[in-house]
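Those letters in the sequence shown? Residues 0 to 862, by numbering that gives the first Met the number 0.
In what follows, a structure is listed as structure tokens, so that the remarks can point back to it.
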Amino acid sequence: MKAIRRFTVRTVLPEPLRRLEELILNLRWSWHHETLDLFRSVDPALWEAVGHDPVRLLGEVAPDRLRRLASDRRFLRMLHDAADELQDYLTADRWYQSLPDAPRAIAYFSPEYGITTSLPQYSGGLGILAGDHLKTASDLGVPIIGVGLLYRHGYFTQSLSPDGWQLERYPPIDPNGLPLTLLREEDGTPVRVSIGLPQGRDLHAQVWLVRVGRVPQLLLDSDVEDNDQAARDITDRLYGGGGDHRLLQEMLLGIGGVRAIRAYCRITGHAAPEVFHTNEGHAGFLGLERIRELVAEAGLTFDEALEANRAGTVFTTHTPVPAGIDRFPRELVRKYFGGVNEEKGIPADRVLELGAEDYPGGDRTVFNMAVMGMRLAQRVNGVSRLHGEVSREMFGGLWGGFDTAEVPIGSVTNGVHAGTWVAREVLELAARRVPSVLESAQGWEGVRDVPEGDIWRVRRTLRARLVAEARRRLRASWRQRGASDAEMSWIDDALDPDVLTIGFARRVPSYKRLTLMMRDPERLRAILLDPERPVQIVIAGKAHPADEGGKRLIQEIVRFADGEDVRQRIVFLPDYDMALGQCMVQGCDVWMNNPLRPLEACGTSGMKAALNGGLNLSIRDGWWDEWFDGQNGWAIPSADGLAAPERRDALEAAALYELIEDHVAVMFYDRDGGPPRRWLEMVKHTIATLGPKVLASRMLRDYVQEYYVPAAASARAMAAGGYSGARRLAAWKERVRKAWPGVAVEHVESTGEETLHVGARLAVRVVVDLGGLDPGDVAVEAVYGRVDAADAFIAPSYLELAAAEQAEDGRLRYAGEIPLARSGPFGYSVRVVPSDPGLAGQAELGLVALPPAPQGMTNGNLR
Ligand SMILES: *Cc1c(COP(=O)(O)O)cnc(C)c1O
């Protein structure tokens, strides 16, 4: 018989051990080795058995053992040291506290978070990144409040059928068995957040508080008694269902999330966020809720509130794959934001406009969450330099009239939280030479002085640990697939702690090409079984439950890896999660990645490998496009110009085999009795040069300096004087938009074209009709620089022209001198753009007036 409901009864700790609770309830332990040591010492065998989950540890430890620890002097000393250290960590000033004018608080919204294995509220890179963002914010003292949902089933666990087909289970989680506390009012009643639904119903949620070091994280949970069963199930699983279910999750996350923050700040006295960071489109409704607040509380119009909200909002887009972007039928959005559920001052039509794909090539029937995110945020970024470029291309329609390069989407390349991903042995080795390895961009060159023998020893330890863990997981998987002990004896010798180990772990959408390495199975077999330079491959990854194609790819790999000739050299380990990820990025010598360029927005697992002394072998996509330098690993040549996918796969797979055979394996086994010197040179070079770049602390500093601080300044400017800034900017934008059709460049002339040579100046004069706008409303600019064969600018420069005099009929003359700095094909043009201190950039309104072609263009060949 099965229980119908499951509870976790918490242990009552003896008084001397009370501070254990304090330590467990702060997830800082997930990246703090000394605290983990303390937990282990409670009961080392049990610690392993409960999968390093401290809540389960305390739930299952024998009362007797606890009684003994309560009088164990040594244990108590360790406990108090750890608890005191945590208090210092939580209260001392850190990097952020030295910044002037930084925002008092920042809200960070994400649909998923990967903080630790025992909190399975993530499915892949987006969630892991969000977890690393919060942990790093904590380490740097950045006052972030994280907001998300608590999924009662989290992400699925993966196992395999006997014939290698992915099976999914959604084990229920019990919040009382997790390191969470319920957010309560001062009188002890649990906080309730509600959002309105059609037909006058409400959706209620409670709020769980998670402490991630200094960062509070609020998780909304609709599984409360006030809701009917359908409403209780809204937060049942990560990215559950489609249509209504998904939309309701996102309404709860965005709208409910803002309300949860308000409750948290009211109860705790925490400063209200000045900046709101939307991690991908799913949380975009938070902007609507803030607009509603401003309309209701400050008496602003929708447009004024939109400006006030935009100024303090940052939106990060994470994927160039259309399937990764949420789009809802417009009618569904109207159902939830119109009718009786329409908020005062927030007409459903205005909501629909925000998510409309009303640009060439857009689909007029959908509501696009990323597009709404971009319209609700004044600052937008992608997650690597290449992804920034791809995003400017992809979303350029929102800023029609501007060249792709000017589309206002920047980039902050992702990073990883070293404390979470770097092996303790590596941290300890590095700490001898690099003073502050976790947080500092300086001093990494010191890694080059670490003796090769020390690095090689640590690398072998980590490889051996991976091999042991792989065998353990293989045994469990084979048993689960129905194998008998006799059939599993080969696993004792599966993999070898001294063989070159390649890792490949990721979700399995088709663009990641899980099976590229199997294009030519014979060649792969030869690589694995090479008698002199053997290679072993460790593979992991989950396919989306609805993705039959992805499951077929997994099956293909599993069937190959089941082969008796190769099974000791290639393994598929089920249930890729943070724990397996940690073990793999630490233990693999080479981290392989072969996506279809440019569909990998950034990728972070390769960064984790690099920090541990692994070398990347990857297509130049995402972060690797930016930081591959020829000596820190290998670039698989990409045939991304090629339209035929079959041919492209064949070419790239052949290049991959060749790199492994002729370069990777050769260098790894190039020994002279000792460790492989050239290999270790590359390892050192990788850590010394990539180390400081791939750290999440670099990423977070970039966000703070390039996004959060400017956004807070803009938000303050909008809010000043009872929101007079927002009122003015909204009125100004309306006036400019109305007048813009009358703005025209009427006449352009230049002198000096007879003597075009480097160092000369070209005098440009322009007559402009401002269509009733004031000169202060616009900037008139010369655009100039090198041009290609079709007269398009290559990285142009801009020169603001000065208003010279009034011409006839209210037209204005502008003039300026263009410097001719380099020889070769050259051109110029002029343009008029809106200009106001309230704008974050000139393309913000998507408005530009250009001269009638081709009169404004002068071409010359500079001598
Ligand atoms: C790091 C990590 C990811 C993201 O890595 P990618 O390189 O983007 O695939 C996904 N899942 C887990 C478990 C990770 O640790």
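Every residue gets a Cβ at the ideal spot worked out from N, C-alpha and C, and that includes glycine.
If you're wondering where the values come from, they're calculated on a predicted model, not measured in any experiment.
Cβ-heavy atom distance, residue i to ligand 1, below 8 angstroms
i           : result
residue 587 : no
residue 579 : yes
residue 505 : yes
residue 264 : no
residue 223 : no
residue 607 : yes
residue 592 : yes
residue 576 : yes
residue 601 : yes
residue 604 : yes
residue 123 : yes
residue 113 : yes
residue 127 : yes
residue 537 : no
residue 693 : no
residue 415 : yes
residue 584 : yes
Beta-carbon proximity of residue i to residue j, cut-off 9 angstroms
i           : j           : result
residue 568 : residue 494 : yes
residue 408 : residue 370 : no
residue 514 : residue 29  : no
residue 234 : residue 276 : no
residue 565 : residue 524 : yes
residue 766 : residue 813 : yes
residue 422 : residue 572 : no
residue 310 : residue 837 : yes
residue 158 : residue 483 : no
residue 848 : residue 716 : no
residue 868 : residue 785 : Not covered by the structure: residue 868. The range shown for the chain is 0 to 862.
residue 56  : residue 38  : yes
residue 77  : residue 40  : yes
residue 260 : residue 501 : no
residue 149 : residue 179 : yes
residue 411 : residue 599 : no
residue 675 : residue 452 : no
residue 269 : residue 144 : yes
residue 490 : residue 474 : yes
residue 249 : residue 284 : yes
residue 141 : residue 528 : no
residue 221 : residue 177 : no
Outcome for residue i when other beta-carbon atoms lying within 10 angstroms are tallied against a minimum of 16
i           : result
residue 857 : With a pLDDT of only 46 at residue 857, under 50, the local geometry of the prediction cannot be trusted, and the value read off the model is given with reservation. When all chains shown are included, residue 857 counts as buried.
residue 289 : buried
residue 63  : exposed
residue 737 : exposed
residue 303 : buried
residue 762 : exposed
residue 329 : buried
residue 756 : exposed
residue 854 : Any reading at residue 854 must be qualified, since the residue scores a pLDDT of 43, below 50, and its modelled position is unreliable; the value itself is stated next. Exposed: under 16 other Cβ atoms inside 10 Å.
residue 273 : buried
residue 97  : exposed
residue 0   : exposed
residue 83  : exposed
residue 173 : exposed
residue 306 : buried
residue 339 : exposed
residue 224 : exposed
residue 466 : buried
residue 492 : exposed
Item to check | Inside the stretch 393-449 only - alpha helix (DSSP H) runs reaching at least 4 residues | outcome: 417-420, 423-430
Checklist entry - Where in the stretch 262-345 do unbroken runs of the alpha helix (DSSP H), each at least 4 residues long, occur, reported from the N-terminal end onward? => result 285-297, 301-310, 329-336
Next on the checklist: To test your reading of the DSSP string, which unbroken alpha helix (DSSP H) runs of 4 or more residues are found completely within the stretch 542-583?
Outcome noted: 547-560
Item to check | Secondary structure, beta strand (DSSP E): runs of 3+ residues fully inside the stretch 782-845 | outcome: 796-799, 801-805, 811-818, 823-833
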